[in-house]
Structures are given as C-alpha cells and as structure tokens.
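Going by the working numbering, the first residue of the sequence shown is number 109, and it counts up by one from there.
Backbone N, C-alpha and C fix where the C-beta goes; we use that ideal spot for every residue, glycine too.
Just so it is clear, the structure is predicted and the values come from calculations on it, not from any experiment.
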Amino acid sequence: MSGSLQQALQVIPGLQVDAERMRVNLESTQGLVLAEAVSIALARRIGRDAAHHLIEHCCRRAVEQGAHLRQVLGENLQVSEQLSSDELDRLLDPAHYLGQARLWVERAVAEHTRISR
Numbered sequence: 109m110s111g112s113l114q115q116a117l118q119v120i121p122g123l124q125v126d127a128e129r130m131r132v133n134l135e136s137t138q139g140l141v142l143a144e145a146v147s148i149a150l151a152r153r154i155g156r157d158a159a160h161h162l163i164e165h166c167c168r169r170a171v172e173q174g175a176h177l178r179q180v181l182g183e184n185l186q187v188s189e190q191l192s193s194d195e196l197d198r199l200l201d202p203a204h205y206l207g208q209a210r211l212w213v214e215r216a217v218a219e220h221t222r223i224s225r
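Quick look at the structure:
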C-alpha cells in the first residue's frame, strides 16, 4: 500500500465534516468557484473558446465590482440569451456541482486496485 493511502486511511476515521463551514467557504468566493460549471454549460451552446472568454470576462467584472458572479452573469446579455435564470441558479448551486470529483475518485479506486494486486 502506498504511503499516501496509508496516511489517508489513518486520517479518515477522525474526519469531521462541518457542512455549514463548507457552505460559508464556498459562498466567500462570490460564486467564482463555480464558474467552470457555467462555462461548461455555455460551451455546449456557443463553443468552448467563446464560453471560456465570456466567463473569464464575467469573472473579472465580478472581482472588479465586488459582486457575486450570479449577478454579473444575470446582467450579461450574451449569457442571458443562452442560459435562463433558473439554469444559472442551478449551475451556481454547489450542491449540484462536483466538478472533477468523479474523475478523482475513479483514479483513486484504480490506483488502489492496481497496488492491491
């Protein structure tokens, strides 16, 4: 068993999840941590490069204005032509977005399987 896996197995039993603190931490990013979810949804409609540039622009505006990304996206005509208000709300809800978590879990399971043989 790898050293990293051994350390993880020692830490996990004592792990305590503070869901409220996690929510506060996510919200402190003003929605920026979920920009990837919006970019992926937009890419399906306007193409990857266009979506990337549009979201990058909106993120910059949000930071400059000290505004939540949801507000900036909702005010952007290009975004609102492609995504409804409900879609934006869902995309910017951390409960609906796991990002690359599935890939990380699959890699970890594959590595564990490989080294356990």
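**Q.** Spatial distance of G111 from I223 (CA atoms)
**A.** C-alpha of G111 to C-alpha of I223: approximately 11 Å in a straight line.
Q: Note down the Cα distance separating L177 from R225, rounded to an integer number of angstroms.
A: Distance between the alpha carbons of L177 and R225: 47 Å.
Q) Exposed or buried, which one is I163 when buried takes at least 16 other CB atoms within 10 Å? A) By the neighbour-count criterion, in which a residue is buried when 16 or more other Cβ atoms sit within 10 angstroms of its Cβ, I163 is buried.
Q.
Can you look up R225 in the DSSP assignment and give me helix, strand or coil?
A. Three-state DSSP puts R225 in coil, outside helix and strand.
Q: Specify the secondary structure class of L206 as computed by DSSP and reduced to three states.
A: Coil.
**Q.** N- and C-terminal bounds of the alpha helix (DSSP H) containing A170
**A.** 156-173 is the extent of the alpha helix (DSSP H) around A170.
Q) Applying the criterion that 16 or more other CB atoms from any shown protein chain within 10 Å of the CB defines a buried residue, is A145 buried or exposed? A) Note on A145: 16 or more other CB atoms within 10 angstroms of its CB, so buried under the neighbour-count rule.
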